[in-house]
Each structure stands twice: as structure tokens, then as C-alpha cells.
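Reviewing the structure listed below.
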Amino acid sequence: MAKGWESKSVEEQQQLAETPVSKEQIEQNKEREKAENARKVQALKLNIARIREQLDRTSNERYQQMLNNELEHLQAELSSLQ
């Protein structure tokens with residue numbers, strides 16, 4: 010029985026791959042990608058702000074170094090998205 014379900018899934022995937030993509034679908038995909046990118050950028054900015062706040066509050070040198078490393082990583086990721 011499991012093989013039957015598996016083959017149906019493969020058939021559906023093949024049919025979907027053969028179906029032409031409309032211009033509307035392409036535009037919707039672009040809009041989704043833009044929205045997803047905007048969400049990622051916002052999340053990164055919030056994390057950067059959180060880390061900067063933690064840096065201001067701590068006096069532990071090891072923790073500061075760890076936060077600075079994380080901050081550099083997030084800023085690099087943010088610049089790659091923008």
C-alpha cells in the first residue's frame with residue numbers, strides 16, 4: 010500500500026513539473042521572496058539591537074567578545090541580504 014501512495018506522489022510531482030508557470034505565479038513568487046527577505050532583514054536588525062543592548066550592560070570580557078563575534082556575523086548576514 011505504501012508503494013502505491015509513493016508512486017502517486019511521484020506522478021503528481023511529475024505533472025506539476027510539466028505544468029507551465031503563469032506570469033501571475035511568477036509575480037506571486039517574487040512578492041513572496043521580497044516579503045521573506047524583508048522579514049529576514051527585520052529579524053536581523055532586531056537581533057543586532059538586542060546584542061548591542063547586551064554589550065552595553067555587560068562587563069565580562071569573554072561575554073563581550075562572544076557578543077562582538079555574533080554581532081559581526083549578523084551584520085555580515087544583513088549586508089548580504091541588502
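Residues in the sequence shown are numbered consecutively from 10, following this note's numbering.
The C-beta atom is built at its ideal place from N, Cα and C for all residues, glycine as well.
No experiment lies behind these values; they were computed from the predicted model shown.
When the beta-carbon positions are compared, Leu87 and Leu55 stay at least 7 Å from each other.
For Asn69, the three-state secondary structure derived from DSSP is coil. Cβ neighbours of Leu64 within its own chain (closer than 8 Å, five residues either side excluded): Gln73, Leu76, Asn77 and Leu80. Of the other Cβ atoms in all chains shown, fewer than 16 fall within 10 Å of the Cβ of Ile35; this residue is therefore exposed. Rounded to whole angstroms, the Cβ separation of Asn46 and Leu90 is 6 Å, and the two are in contact under 8 Å.
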